[in-house]
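Enquirer:
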Amino acid sequence: MLWYKMWRESRVRFAISAVALLWMCGAVVLLQQQVRAHADEPLSYVRYIWHAVYKANALDLYILLVIVLGLGGVQQEHAQGTAGFTLSLPLSRWRLVATRAVTGWVEVAVLALLPALLIPLLSPWVGQTFPFLRALQFSVLWAGCGMVIFALTFFFSTVLAGAYSPAIASVAAVVGCSMSAGLPLFERFPALDLIDTMHGAQLLLSPGNASLGAFAVPLPWLSLGLYALLALCLTGVAGVITARRDFP
Amino acid sequence: MNAMMPLLFKAWRESRGRFLLSVTLLATICAAGVIFRGSLMKVFVPNASFVGAPYVGYIYRLVYGGAARGLFTILVMVLALGGLQRERLHRVVGFTLALPVSRARLAGAQALLGLGQVAALSALPLIVLGVGSRLAHVSYPLEQMWRFGLLWLAGGVVFFAVAFLAATLFRSEYAALAVSFVFMIFYPVTVMFPPLNRYPLNLHHIMSGLAMPYFDARRALLVGAPPWMLLVSMMAVAGALIVLAVQITSQRDYS
Amino acid sequence: MTDELAIETHGLTRHYGKVEAVRGLSLAVERQCITGFLGRNGAGKSTTIKMLLGMIRPTAGTGRVLGYNIADPAQSLQIRRRIAYVGEDKGLYGYMTVAELIRFTRSFYPDWQPHIEARLLKAYQLPPGRKVKAISKGMRTKLALLLALARRPELIILDEPSEGLDPVSIEELLQTLQEVRAGGTSVFFSSHQLSEVERITDRVLMIDHGQLVMNTRLGDLLDNYRNIVMEFGAQAPVPTAFALAGVERLRIKGRQVWVLASSNVEGIVAHARTLDATVQVTPVNLRDVFLDLVREAP
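Residue numbers (UniProt numbering), protein chains in the order written: chain A, 1 to 248; chain B, 1 to 255; chain C, 1 to 298.
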């Protein structure tokens, strides 16, 4: 039932996020003709989708919504006066943290999957095609990088008081990460560029056929592995802080 | 007795953490932009992207038309959240509503303080960049900073008003934040399409000057007279949204 | 409607979806009295109080507090200027210190009494420099009471005021309420502590399932209400109803019948004896009446 609690706490946010993302992706596909007609240079449909969804508005939306999903937790329950009940449940605080983190990651992954489900399905309606496997590759990128953004907010929600300060800190961290990625110091480590990894520009060059190898090879596994590790570390630190903290 | 001062104090105590964090972040971006301009300019304005002083184009790309402006938009929306819906969640709404002040005044005080904070954040780059540039012996036109500050204020007030309304409508404090973020992304996309694209409605563009007649994109400078009508219209829209939120607050049950 | 009453409602109703929290509640609370407002959890006490304060709007019916219409926002403001309220949650701004919250609240009330504030601050041993979120629940209750009592309101509305207080503080609270009543302030308070209510109230209102089930002076209740226990012999038929004046509640178990009578005790006893019952009449306390009225109410 702990899963149910975590789901109930985040389901409104999740529903708003899912609807907004589907709406955005749907609008991008359905309005493709008007936008491409006004583009500065000729744009293939696949490239248009990449520009409009995976590199621009939908990606920004996804990042912000993942941050919103990461908010909450025992610290916020404490502010609302319900932490006493939660902490009196016969569960370790680690389990509370882990359940919330896993619930959040699943929601982040489902959100990442939505464009992959909608865009290939909707494209034939406008006389276009977008390969499902390519869309799935982008979803893997979003889910992997979204996991670390979620973990970042999760961490800030544990260390910062106030309902909204963690959101501000997370947005600042993502902006800072995006800005610093261009610095010479980080230029040698492109794997650390979170936003660029999410863009997945290299995927456009890969063939979109159906073999597992063609699906897996172009993905930046080193970056994704690093982010997964970072996400686990941030969640672990949040867990340690939660486990040791007093909630008077 | 004027009840506004204690209500403003209450609104300040509720939002000061967010506000101070916002000030710190925005100031840090501006200050870091000046301090690390050597490295960052190569990234933000490679190969003489703009005509004229590269520092002017760089500050535009970093602050007035770039990451700092995006961050500012998010910050003003977060500053607008809170209010009686959140107090209900924290079980203090009974105390607030038992005070001998009208709900319109309660919500009005929160909006007033928030607008003051938006104004302070709009003016912040002017202060930090002004002082920082002078100390670093580089120059950015003061008049440009004033004008961009004005554009930020007008745009920021509209984003603030939208989030203020969302915080009034939604019971969940995070749902209001999610809806505000969705608006921030959806709105500029919506106004890209006819018939809306015939009008200067893109708030992000209005704030950055991008694709606007009052902005010279080659030199990254605001030119001509400030778009007073546009700014007044935006203030009016923001005012209408805030009045709507206050009306809803006055009518709603808080059990 | 009359200004003589502190609180007056007619047919006050509040629905939450299909749930009727308060159903056609008509009550009258006299001025300069301590009135206890009793009922089980979920009976509609807090909903009624919130409607009186303008926090929620009635679905139907009317109400007046100190002569002001509760449904009119401007008049509701006048109500809040003249009353003091302590809510059931004792929710106070956790981000303010005790001193800041006192200063904040004081600024709204020209009739604030600094000497009462100082006396209660000392009596309740409240730490002025500590944040409200860092003090105990009992301390928070005391602080809420201080904010309500450090003025000269015409009416004090308290929702479960003694909840979270230690016995010494409860004693002090009861004394304080009697003192403010003596000073001309009306007190309307809800409580589950029947012994407290019995000690200080002049009048008792009882509500159940959103409806008023009793409105009487406490003295009248103790003087007039009686428990009548009837034991019927093996041959005597046990009646299933007692349609007599003064019968408030009737319970039948086997060959025993309990009647809670508010008047006409002699008539009921005489009637029972005509049915061959052995009758025992005992005085009641508030607890007996409360349990009888709310336990079997429809």
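Heads up, the beta-carbon is just placed ideally off N, CA and C, and yes, glycines get one too. Owing to the predicted nature of the structure, the values given are computational and were not obtained by experimental measurement.
Are at least three pairs of beta-carbons, each pair with one atom in the stretch 37-54 of chain C and one in the stretch 179-196 of chain C, less than 8 Å apart?
Expert: Counting Cβ pairs under 8 Å, three or more are found: they touch.
Enquirer: Is A238/A close to chain B, meaning its C-beta is less than 9 Å from at least one C-beta of that chain?
Expert: Looking up residue 238/A in the first sequence gives position 238. A238/A does not count as touching chain B.
Enquirer: Within a Cβ cutoff of 6 Å, which residues of the same chain sit near K131/C, ignoring the five residues on either side of it in sequence?
Expert: As a working mapping, residue 131/C is identified with position 131 in the third sequence. Closer than 6 Å at the Cβ level, and outside the excluded window around K131/C, lie T97.
Enquirer: Figure out for me which residue from M184/B, P194/B, L153/B and F19/B has the closest Cα to the Cα of Y64/B.
Expert: Along the second sequence, read from residue 1 onward, the residue named residue 64/B stands at position 64. For Y64/B, the nearest C-alpha among the options comes from L153/B.
Enquirer: Give a yes or no on contact between the stretch 77-84 of chain C and the stretch 79-90 of chain B, applying the rule of three or more CB pairs nearer than 8 Å.
Expert: Output reads no: the stretch 79-90 of chain B does not touch the stretch 77-84 of chain C.
Enquirer: Which of the three DSSP states is assigned to S10/A in this structure?
Expert: For the purposes of this step, residue 10/A is taken as residue 10 along the first sequence, with counting starting at 1. If DSSP states are grouped into helix, strand and coil, S10/A belongs with the helices.
Enquirer: Using the Cβ count rule (16 or more neighbours within 10 Å means buried), how would you classify P298/C?
Expert: For this step, residue 298/C is matched to residue 298 along the third sequence. Because the pLDDT of P298/C is 42, which lies under 50, any placement of that residue in the model is unreliable, and the question is left without a value.
Enquirer: List the DSSP bridge partners of G63/C.
Expert: Residue numbering aside, residue 63/C sits at position 63 when the third sequence is read from its first letter. For G63/C, which the question treats as bridged, DSSP gives the partners T9/C.
Enquirer: Can you give me the C-alpha to C-alpha distance between F186/A and C177/A, rounded to a whole angstrom?
Expert: Position 186 of the first sequence, counted from the start, is the residue given in the question as residue 186/A. Position 177 of the first sequence, counted from the start, is the residue given in the question as residue 177/A. Approximately 10 Å, taken between the alpha carbons.
Enquirer: Measure from the C-beta of P184/A to each C-beta in chain B and report whether the shortest distance is under 9 Å.
Expert: As a working mapping, residue 184/A is identified with position 184 in the first sequence. By this cut-off, P184/A is an interface position.
Enquirer: Just to confirm the assignment: which complete alpha helix (DSSP H) runs, minimum length 4, are found wholly within the stretch 9-74 of chain B?
Expert: Complete alpha helix (DSSP H) runs here, min 4: 37-44 and 54-59.
Enquirer: In chain E, which residues lie less than 7 Å from Q32/A when you measure between Cβ atoms?
Expert: The structure shown contains no chain E; the protein chains it does contain are A, B and C.
Enquirer: Starting from T282/C, trace the beta strand (DSSP E) in both directions and tell me its first and last residue.
Expert: By 1-based counting over the third sequence, the position of residue 282/C is 282. From DSSP, the beta strand (DSSP E) with T282/C extends over A277 to P283.
Enquirer: Let's test the definition: count the other Cβ atoms within 10 Å of the Cβ of P161/C and tell me whether it reaches 16, buried, or not, exposed.
Expert: Looking up residue 161/C in the third sequence gives position 161. The residue in question, P161/C, is buried, as its Cβ has 16 or more Cβ neighbours within 10 Å.
Enquirer: Near S180/A, which residues of its chain fall below 8 Å by C-beta distance, leaving aside the five closest residues on each side in sequence?
Expert: The residue given as residue 180/A occupies position 180 in the first sequence. Around S180/A: F186.
Enquirer: To the nearest angstrom, how far is it from the Cα of A134/C to the Cα of I63/A?
Expert: Taking the third sequence and counting its residues from 1, the one referred to as residue 134/C is at position 134. Taking the first sequence and counting its residues from 1, the one referred to as residue 63/A is at position 63. Looking at the two C-alpha atoms, the distance is approximately 36 Å.
Enquirer: Taking 9 Å as the CB-CB cut-off, is I29/B touching chain A?
Expert: In the second sequence, residue 29/B corresponds to position 29, counting from 1. True, the Cβ-Cβ gap to chain A drops below 9 Å.
Enquirer: What does F186/B touch in chain A if you count any residue whose Cβ is under 9 Å from its own?
Expert: By one-based count along the second sequence, residue 186/B stands at place 186. What F186/B touches in chain A: A20, W23, M24, A27, N57 and L61.
Enquirer: Along chain C, which residues have their Cβ under 7 Å away from the Cβ of L99/B?
Expert: The residue labelled residue 99/B in the question sits at position 99 within the second sequence. Result: R80 and F108.
Enquirer: At 8 Å on the CB atoms, spell out the chain A contacts of R67/B, in chain order.
Expert: Residue numbering aside, residue 67/B sits at position 67 when the second sequence is read from its first letter. Per the sequence presented here, residue 67/B reads as Ala, with Arg not at that position. Under the 8 Å cutoff, chain A gives V175, S178 and M179.
Enquirer: Whose C-alpha, out of V240/A, P131/A and A191/A, is nearest the C-alpha of G225/A?
Expert: Residue 225/A sits at position 225 when you count from the first residue of the first sequence. Closest by alpha carbon: A191/A.
Enquirer: Which two residues bound the contiguous alpha helix (DSSP H) that contains I67/A?
Expert: Counting from one through the first sequence, the residue named residue 67/A turns up at place 67. Segment N57 to G70, the alpha helix (DSSP H) holding I67/A.
Enquirer: Across which residues does DSSP place T176/C in a beta bridge pair?
Expert: Start at 1 with the first residue of the third sequence, and residue 176/C comes out as number 176. In DSSP, T176/C forms no bridge with anything.
Enquirer: In angstroms, rounded to a whole number, what distance separates the CA positions of A182/C and Q247/B?
Expert: Residue mapping note: residue 182/C aligns to position 182 of the third sequence, counting from 1. Residue mapping note: residue 247/B aligns to position 247 of the second sequence, counting from 1. Cα to Cα, A182/C sits roughly 41 Å from Q247/B.
Enquirer: Mind listing the chain A neighbours of A175/B? Cutoff is C-beta to C-beta under 7 Å, in chain order.
Expert: Residue numbering aside, residue 175/B sits at position 175 when the second sequence is read from its first letter. V12, R13 and I16, listed in chain order.
Enquirer: Can you give the beta carbon distance from G149/B to L126/B, rounded, assuming they're within the 8 Å contact cut?
Expert: As a working note, residue 149/B is residue 149 in the second sequence. As a working note, residue 126/B is residue 126 in the second sequence. Sure, about 5 Å apart at Cβ, within 8 Å.
Enquirer: With distances taken from CA atoms, which of L2/A, A37/A and L43/A is nearest T86/A?
Expert: Position 86 of the first sequence, counted from the first residue, corresponds to residue 86/A. Among L2/A, A37/A and L43/A, the Cα nearest to that of T86/A belongs to L2/A.
Enquirer: In this structure, what does DSSP give as the bridge partners for W258/C?
Expert: Position 258 of the third sequence, counted from the start, is the residue given in the question as residue 258/C. DSSP lists V229/C and R251/C as partners of W258/C.
Enquirer: Spell out a yes or no on whether the stretch 61-78 of chain C and the stretch 110-120 of chain B are touching, meaning 3 or more CB-CB pairs, one atom from each, closer than 8 Å.
Expert: Counting Cβ pairs under 8 Å, fewer than three are found: no touch.
Enquirer: Between the stretch 43-57 of chain A and chain B, which residues of the former have a C-beta closer than 8 Å to a C-beta of the latter?
Expert: The stretch 43-57 of chain A vs chain B, Cβ under 8 Å: N57.
Enquirer: So Y95/C contacts chain B; which residues on that side make the cut at Cβ distance below 8 Å?
Expert: Here residue 95/C refers to the residue found at position 95 of the third sequence. Under the 8 Å cutoff, chain B gives R13 and E14.
Enquirer: Kindly give me the distance between the Cβ atoms of L77/C and P100/B, rounded to whole angstroms, as I take these residues to be in contact under 8 Å.
Expert: Here residue 77/C is taken as the residue at index 77 of the third sequence, counted from 1. Here residue 100/B is taken as the residue at index 100 of the second sequence, counted from 1. About 6 Å separates the two Cβ atoms, so the contact holds.
Enquirer: CB F181/B to CB L61/A, shorter than 9 Å?
Expert: Looking up residue 181/B in the second sequence gives position 181. Looking up residue 61/A in the first sequence gives position 61. A contact, by the Cβ cut-off of 9 Å.
Enquirer: Please state if the CB of A58/A and the CB of residue 262/A are separated by a distance shorter than 9 Å.
Expert: This structure gives no information on residue 262/A, because the portion of chain A shown stretches from 1 to 248.
Enquirer: Here's the rule I'm using: 16 or more other beta-carbon atoms within 10 Å means buried, otherwise exposed. How should R11/A be labelled?
Expert: On the first sequence, position 11 is the one that residue 11/A refers to. So R11/A counts as exposed.
Enquirer: Contact criterion: CB-CB distance below 9 Å. Does M1/B meet it with respect to chain A?
Expert: By 1-based counting over the second sequence, the position of residue 1/B is 1. A caution first: M1/B carries a pLDDT of 48, below 50, which makes its placement in the model unreliable, though a value can still be read off. Cβ-Cβ to chain A under 9 Å: no for M1/B.
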